[in-house]
Structure formats: C-alpha cells, structure tokens
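Engineer:
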Amino acid sequence: MTADSLRTRTFDWEDPLIGAAAARTMSGMDYLNAMLRGEIPRPPISHTMDFTLESCSEGRAVFTVTPSEFHYNPIGMVHGGLAATLLDSALGCAVHTMLPVGAGYTTLELHINLVRAITKDSGPLRAESEIIHLGRTLGTAQARLSGPDGKLYAHGTTTCMIFRPD
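The opening residue of the sequence shown carries number 7 in the working numbering; numbering runs sequentially from there.
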C-alpha cells in the first residue's frame, strides 16, 4: 500500500437506543417524521453507508444515496449490499408508516433483483417504496432503485412480520 492509494473516512452517530425507545411511544408515521425533523437520531447504518431517509407518507418511503468509492467491492463496482440495504430500509419504512403506537416489525423475507451495475459515476440513487399489503401480522412492500436519469438499477420486495402491542 502506498500513501497515494490510502483513503480514509470517518463519521459519527448517536446512541441508537434513543430512537429505539422513542419508537415504542409513537406511531410509525410520527416516528419517521420526527427522524426527518432531526428530533430522533438517524440509525447508525445510515451513517455507515451514507444514505438518508428523504421523505415518507402513508404506505411510502423514499431513501437516497450517492454511491462512492468506499462502497466498492474488490472488482471495482459498488457492492450489491448497498442496493440491498437501501431497498430493505425503504421497504421496511413503507410498512413502518402504517403501524400504530407500540407496534413494531422485522423483515422476514427480502428479495432483490440487481439489474444494472452501480459505480461512483452512477450519480444519486433513489429508492422509492410502497406498501402492497398490511395485515394483522404481515406486511408486504415493493421498491425501485433508480438513478437521476430514471434508469432502474435494482428492485425488490419484502415481507415483514408485525408485532402489535395487544
């Protein structure tokens, strides 16, 4: 390794248990909106991978990321895990927007199709998700990951298990 090839990146995050505690006292929509307003800390994974919740509405969530060199895999492209993580976040939050106070969820199944290579030159990517179904114990959602020119880079679906307080 030479000095010319060395790169560094540092970042900070807040205690994730602050947000976890707040989540138990708010509806999913109220919780995500509080995060958008900066009243609740972003989750550490969003700092680690440098992505952002851009917006949410009932049954929908939008996340954005600008692929960077630090997202690269050993063969010189963005690791597929970036697309998967971004889509998983958007999909889960689409379900989260529909949950009442005290309810939670976890991903049971995640299916991702990577349809185009992502590089640092791909530009900002946008993951847009929408709920397909919300039942008492399961929710499903779908999402698309697109570039600034509208090109599709990946798409996916999820099934989430819902935990209700009653």
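Even glycine gets a Cβ: it sits at the ideal position worked out from N, Cα and C.
Taking the beta carbon of Phe17 as the centre, do at least 16 other beta carbons fall within 10 Å, making it buried, or is it exposed?
Structural biologist: On the sequence shown, position 11 is the one that residue 17 refers to. Result: exposed.
Engineer: Expressed to the nearest angstrom, what Euclidean distance is found between the alpha-carbon atoms of Thr58 and Thr112?
Structural biologist: In the sequence shown, residue 58 corresponds to position 52, counting from 1. In the sequence shown, residue 112 corresponds to position 106, counting from 1. So the two alpha carbons sit approximately 20 Å from each other.
Engineer: Just the Cα atoms here: how many angstroms apart are Thr89 and Leu120?
Structural biologist: Working through the sequence shown from its first residue, we reach residue 89 at position 83. Working through the sequence shown from its first residue, we reach residue 120 at position 114. Looking at the sequence provided, one finds Ala at residue 89 rather than Thr. Taking the straight line joining both Cα atoms gives about 8 Å.
Engineer: What would DSSP say about Glu75, mapped onto helix, strand or coil?
Structural biologist: Taking the sequence shown and counting its residues from 1, one reaches residue 75 at position 69. DSSP places Glu75 in helix when its eight states are reduced to three.
Engineer: Helix, strand or coil for Leu97, going by three-state DSSP, please let me know.
Structural biologist: By one-based count along the sequence shown, residue 97 stands at place 91. Leu97: helix per DSSP, three-state reduction.
Engineer: Verify whether the separation of the beta carbon atoms of Leu92 and Val71 is less than 8 Å.
Structural biologist: Start at 1 with the first residue of the sequence shown, and residue 92 comes out as number 86. Start at 1 with the first residue of the sequence shown, and residue 71 comes out as number 65. The answer is yes: Cβ separation under 8 Å.
Engineer: Report yes or no: do three or more beta-carbon pairs, one from the stretch 32 to 40 and one from the stretch 102 to 110, lie closer than 8 Å?
Structural biologist: Counting Cβ pairs under 8 Å, three or more are found: they touch.
Engineer: Tell me whether Pro171 is buried or exposed, calling it buried when 16 or more other Cβ atoms sit within 10 Å of its Cβ.
Structural biologist: In the sequence shown, residue 171 corresponds to position 165, counting from 1. Classification for Pro171: exposed.
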